[in-house]
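Asks: Take a look at this one; I'll ask things after.
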Amino acid sequence: GAGVSQSPRYKVAKRGQDVALRCDPISGHVSLFWYQQALGQGPEFLTYFQNEAQLDKSGLPSDRFFAERPEGSVSTLKIQRTQQEDSAVYLCASSLVPGSNTGELFFGEGSRLTVL
Amino acid sequence: GDSVTQMEGPVTLSEEAFLTINCTYTATGYPSLFWYVQYPGEGLQLLLKATKADDKGSNKGFEATYRKETTSFHLEKGSVQVSDSAVYFCALITGYSTLTFGKGTMLLVSP
Chain Z
17 GAGVSQSPRY KVAKRGQDVA LRCDPISGHV SLFWYQQALG QGPEFLTYFQ
67 NEAQLDKSGL PSDRFFAERP EGSVSTLKIQ RTQQEDSAVY LCASSLVPGS
117 NTGELFFGEG SRLTVL
Chain E
177 GDSVTQMEGP VTLSEEAFLT INCTYTATGY PSLFWYVQYP GEGLQLLLKA
227 TKADDKGSNK GFEATYRKET TSFHLEKGSV QVSDSAVYFC ALITGYSTLT
277 FGKGTMLLVS P
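Heads up: the protein sequence lines correspond to chains Z and E, in order. Using the numbering used here, the letters of the first sequence correspond one by one to residues 17 to 132. Using the numbering used here, the letters of the second sequence correspond one by one to residues 177 to 287.
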């Protein structure tokens with residue numbers, strides 16, 4: 017498709033399990049962002065890639081969170097030893113240009129993670 | 177740090193009513209301001225933006241004016257439709273950094 021695709025759309029994990037969330041950005045988009053959206057809250061920044069380089073990971077809440085984009089296209093967000101507070105919708109967004117200062121981010125529908 | 181405050185929802189209106197969703201911000205420097213919309217079952221999408229004071233962003237009948245003196249960027253529409261039912265997010269960015277979002281305001285429009 018032409019948009020940002022995320023999978024799985026829904027994931028239920030037991031506390032302590034590892035999960036991996038995938039993002040397929042729009043083809044040719046240089047920038048890729050991950051955001052976390054808790055229930056009733058706005059999206060909060062996790063990390064930013066420009067091509068394959070992770071330029072900003074200041075929003076990752078702990079060292080259990082890890083993201084990669086090895087070939088500058090598909091990205092994976094991995095959460096190790098999941099905790100209940102990790103329950104949220106994880107949003108991926110891409111942009112044609114470096115950074116996000118144009119505001120022209122294209123968002124996927126998100127992956128909803130529930131940790132029991 | 178940067179922050180965005182939006183009015184709490186849901187905002188419930190009848191079709192053709194006037195809409196205002198309030199948004200105020202605090203930021204270091206001179207932010208660019210945005211409204212994003214999330215329709216049911218879809219991803220966030222940019223609705224409109226304004227990059228400097230007194231700019232007016234507009235799209236699909238919605239508009240918002242960047243008011244530096246009141247640090248506000250209120251979203252307005254003269255006549256809402258049922259199809260405008262969605263969650264609306266105000267956001268800002270300063271410099272070459274990341275978007276900071278408000279909590280979102282749900283709009284419900286009834287026929």
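Glycine included, C-beta positions come from ideal geometry on N, C-alpha and C.
1) Roughly how many whole angstroms lie between the Cα atoms of Q100/Z and D231/E?
2) Taking the beta carbon of L55/Z as the centre, do at least 16 other beta carbons fall within 10 Å, making it buried, or is it exposed?
3) Our contact map puts T200/E next to T274/E with C-beta atoms below 8 Å; I'd like the distance itself, whole angstroms only.
4) Measure the CB-CB distance between G219/E and G126/Z and report whether it falls below 8 Å.
5) List the residues of chain Z that S261/E touches, going by C-beta distances under 8 Å, in chain order.
6) Under three-state DSSP, which class holds S259/E?
7) If you reduce the DSSP assignment to three classes, tell me which class D231/E lands in.
8) Please report the distance separating the alpha-carbon of K228/E from that of T281/E.
9) With DSSP run on the structure shown, which of helix, strand or coil describes E101/Z?
10) Closer than 8 Å, CB to CB, is Q57/Z near chain E or not?
11) Mind checking whether the beta-carbon of G75/Z lies closer than 7 Å to any heavy atom of the ligand PLP?
Replies: Well, looking at it:
1) For the purposes of this step, residue 100/Z is taken as residue 84 along the first sequence, with counting starting at 1. For the purposes of this step, residue 231/E is taken as residue 55 along the second sequence, with counting starting at 1. Near 43 Å, if we compare the C-alpha coordinates of D231/E and Q100/Z.
2) As a first step, residue 55/Z must be located in the first sequence, where it is residue number 39. L55/Z counts as exposed, since fewer than 16 other beta carbons sit within 10 angstroms of its beta carbon.
3) Numbered from 1 along the second sequence, position 24 holds the residue referred to as residue 200/E. Numbered from 1 along the second sequence, position 98 holds the residue referred to as residue 274/E. Not confirmed; about 20 Å, so no contact.
4) In the second sequence, the residue the question calls residue 219/E occupies position 43. In the first sequence, the residue the question calls residue 126/Z occupies position 110. Yes, they are a contact pair.
5) For the purposes of this step, residue 261/E is taken as the residue at position 85 of the second sequence. Within chain Z, no C-beta atom comes nearer than 8 Å to that of S261/E; the closest sits roughly 17 Å away.
6) Counted from its first residue, the second sequence places residue 259/E at position 83. Reduced to three states, the DSSP call for S259/E is helix.
7) Residue 231/E sits at position 55 when you count from the first residue of the second sequence. In this structure, D231/E counts as coil in the three-state DSSP scheme.
8) Here residue 228/E corresponds to residue number 52 of the second sequence, with the count starting at 1. Here residue 281/E corresponds to residue number 105 of the second sequence, with the count starting at 1. The alpha-carbon separation between K228/E and T281/E amounts to approximately 24 Å.
9) Taking the first sequence and counting its residues from 1, the one referred to as residue 101/Z is at position 85. Of the three classes helix, strand and coil, the one that applies to E101/Z here is helix, per DSSP.
10) As a first step, residue 57/Z is located in the first sequence; it is residue number 41 there, counting from the start. Taking Cβ atoms only, chain E reaches closer than 8 Å to Q57/Z, which makes this a yes.
11) The ligand PLP is absent from the structure shown, which contains no ligand whatsoever.
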